[in-house]
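Protein chains: 2
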Amino acid sequence: MVTGPEAPRRANYHHGDLAATLIAATVDLVAEKGPSGFSLREVARRAGVSPAAPSHHFGDARGLLTAVAVQGFEYLDRSVGEAVQSVTVPADRLRALAFASVDIGLRHPGHVAVMFRPDLVDGSNEAFQEWSGKPLQRLGAVVAALAPHLDPEQVDAVTSTIWATLNGFVNLYTSTADRLDADPDLRRLVATAVDVLHTGTIATDGAQR
Amino acid sequence: MVTGPEAPRRANYHHGDLAATLIAATVDLVAEKGPSGFSLREVARRAGVSPAAPSHHFGDARGLLTAVAVQGFEYLDRSVGEAVQSVTVPADRLRALAFASVDIGLRHPGHVAVMFRPDLVDGSNEAFQEWSGKPLQRLGAVVAALAPHLDPEQVDAVTSTIWATLNGFVNLYTSTADRLDADPDLRRLVATAVDVLHTGTIATDGAQR
DNA sequence: AGCACATCTTGACACTGTCAAGACCGGGCC
DNA sequence: GGCCCGGTCTTGACAGTGTCAAGATGTGCT
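Chains as they are written, first to last, in numbering that gives the first Met the number 0: chain A, 0 to 208; chain B, 0 to 208.
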């Protein structure tokens, strides 16, 4: 992006491309110690640069965390996009989207810990605004395609509910991941939850009690 | 010096009971700026004491946050307990529990922001260990009473799913509460979600796909 | 070659959490 | 009463943190 003509090879200056290195170091650090264990100086230390170096790429400490969040949303969007595209049966798309979302969340705890924390991220950032909304849009599209007989308001309701459930699973299983990596169990849980929510709110006329 | 003799009741010492005041100040601060905006010195400042005063009551900054989390779990447990007790029909108890949980979450954002953050809390704390497990136990009991035909494993699965969904709702709507206080809508959403999950996983033989 | 720019370092400042040591208050003891 | 003692808070200090202005250093362009 800012890094000139994307020259990762030459990279003879001092570091190559610091921005990516700093983001990676931040992700690792947050994954280890949580967002409260994050420290700009520690990140700089791990990247082998001075404490003030990150400021030239991200301005702020918040700027760096925002970049991490954006990368997380990019990963999520890409993964969900592929999952949805690789499945043709509309009913199965929802489950594929759910699996992709939870998988990404569990595989990138350092990103997740930042992505949904307004106090850590610069909400006015352009890239963040662009990417942070995409997952919900994708889910909304799948739900809408799956339920043409529902009005937009009801589609939004179902979308929010499923979105909340997926977020809940990710939050729960990333917090307690150190003592619980019940991946197969979790997969079954997500599947049944999404299926049940699907048949209960879309297949029947539900969504309005 | 700055505080002067503004003592509320007798409480003539220096402050009355500092511990409660510090907890309250922490809750307010976290509710305003999020956990990353928390500062032990700022809390002490708001309470009108020196920066080192909290250490005599909570030891650590983490100790203070842990006390906040414990208080949050106490609130939650009390509210859920009352809700469950005030409803006799087992099928309605689940919904009452869900409402109580979400209500408490939205009403106490300063607590919620700390309760489920292992990096902010001292997990080895006695009171924390005692209280942090209670909400899930309560939910598990309601689910078990509602589904005597399911084996414990399935009960756990359903419990986890509902728990994740409730947490997801709270996380979502406390993060974006500044621009979205759709309380009535949220109430409907929670109701339908819980009902659907109930009928889908318990009423039918579901829970095992 | 030399210039302009991007990149990183240095030094400094205010702020934070934490600790040891001391000051202060209350109520007990003789 | 006078005295000490435990609980409560303050003071002063230290290392660590984020951020900024200024300077140093390498890179590419003309």
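Just so you know, even glycine gets a beta-carbon here, dropped at the ideal spot from N, CA and C.
Determine the direct distance from the alpha carbon of residue j to that of residue i, and round the result to whole angstroms.
| i | j | result |
| --- | --- | --- |
| B:L135 | A:S54 | 44 angstroms |
| A:G58 | A:V157 | 39 angstroms |
| A:E73 | B:G104 | 30 angstroms |
| B:R8 | B:T200 | The predicted position of B:R8 is uncertain, since its pLDDT is 31 and thus under 50; no value can be drawn from it. |
| B:R44 | B:A23 | 13 angstroms |
| A:L196 | B:G33 | 32 angstroms |
| B:A206 | B:R40 | Here the model assigns B:A206 a pLDDT of 44, short of 50, so the residue's position is not dependable and the matter cannot be decided. |
| B:L119 | A:L171 | 16 angstroms |
| B:V42 | B:D121 | 19 angstroms |
| B:A19 | B:Q128 | 20 angstroms |
| B:A51 | A:V113 | 31 angstroms |
| B:S38 | A:G47 | 29 angstroms |
| A:A10 | A:T25 | Because the pLDDT of A:A10 is 44, which lies under 50, any placement of that residue in the model is unreliable, and the number read from its coordinates should be weighed accordingly. Their Cα atoms are separated by approximately 21 angstroms. |
| A:D155 | A:G139 | 7 angstroms |
| B:S100 | B:V86 | 15 angstroms |
| A:R106 | B:G36 | 28 angstroms |
| B:W257 | A:W130 | The requested residue 257 of chain B is not part of the displayed model; chain B covers only 0 to 208. |
| B:A82 | B:A95 | 6 angstroms |
| A:P151 | A:R77 | 25 angstroms |
| A:T198 | A:P147 | 14 angstroms |
| B:L75 | B:A190 | 18 angstroms |
| A:P117 | A:L63 | 14 angstroms |
| B:E31 | B:G167 | 21 angstroms |
| A:L223 | B:S49 | Since the first and last residues shown for chain A are 0 and 208, residue 223 of chain A lies out of range. |
| B:V169 | A:L21 | 32 angstroms |
| A:F98 | B:V67 | 35 angstroms |
| B:D27 | A:G80 | 40 angstroms |
Using alpha carbons as the reference points, say which of the options lies closest to residue i.
| i | options | result |
| --- | --- | --- |
| B:T65 | B:L138, B:G109, B:F98 | B:G109 |
| A:D102 | A:L165, A:V67, A:D27, A:Q70 | A:L165 |
| A:R187 | B:A190, B:L149, B:W130, B:S159 | B:S159 |
| A:R137 | A:A192, A:A30, A:L93 | A:L93 |
| A:R61 | A:D184, A:G80, A:N124, A:L96 | A:N124 |
| A:F115 | B:V67, B:L28, B:T173, B:D194 | B:T173 |
| B:A126 | B:V141, B:V29, B:A97, B:Q70 | B:Q70 |
| B:D194 | B:L63, B:Q153, B:V142 | B:V142 |
| B:D184 | A:Q153, A:V29, A:A202, A:L63 | A:Q153 |
| B:V29 | B:V79, B:F98, B:S49, B:V111 | B:V111 |
When burial is assigned at 16 or more other CB atoms within 10 Å of the CB, is residue i buried or exposed?
| i | result |
| --- | --- |
| A:V88 | exposed |
| B:A90 | exposed |
| A:A144 | exposed |
| B:D16 | exposed |
| A:H56 | buried |
| B:G132 | exposed |
| B:Q84 | exposed |
| B:A192 | buried |
| B:A202 | exposed |
| B:G3 | Because the pLDDT of B:G3 is 34, which lies under 50, any placement of that residue in the model is unreliable, and the number read from its coordinates should be weighed accordingly. It counts as exposed. |
Could you check if residue i belongs to the surroundings of the ligand NAD, using beta carbon to heavy atom distance under 7 angstroms?
| i | result |
| --- | --- |
| A:F72 | Absent from the structure shown: the ligand NAD. Ligands present: none. |
- Secondary structure, alpha helix (DSSP H): runs of 4+ residues fully inside the stretch 84–160 of chain A: 89–106, 108–114, 125–131, 133–145
- Ignoring anything shorter than 4 residues or poking outside the stretch 9–45 of chain A, list the alpha helix (DSSP H) runs there in chain order. 17–32
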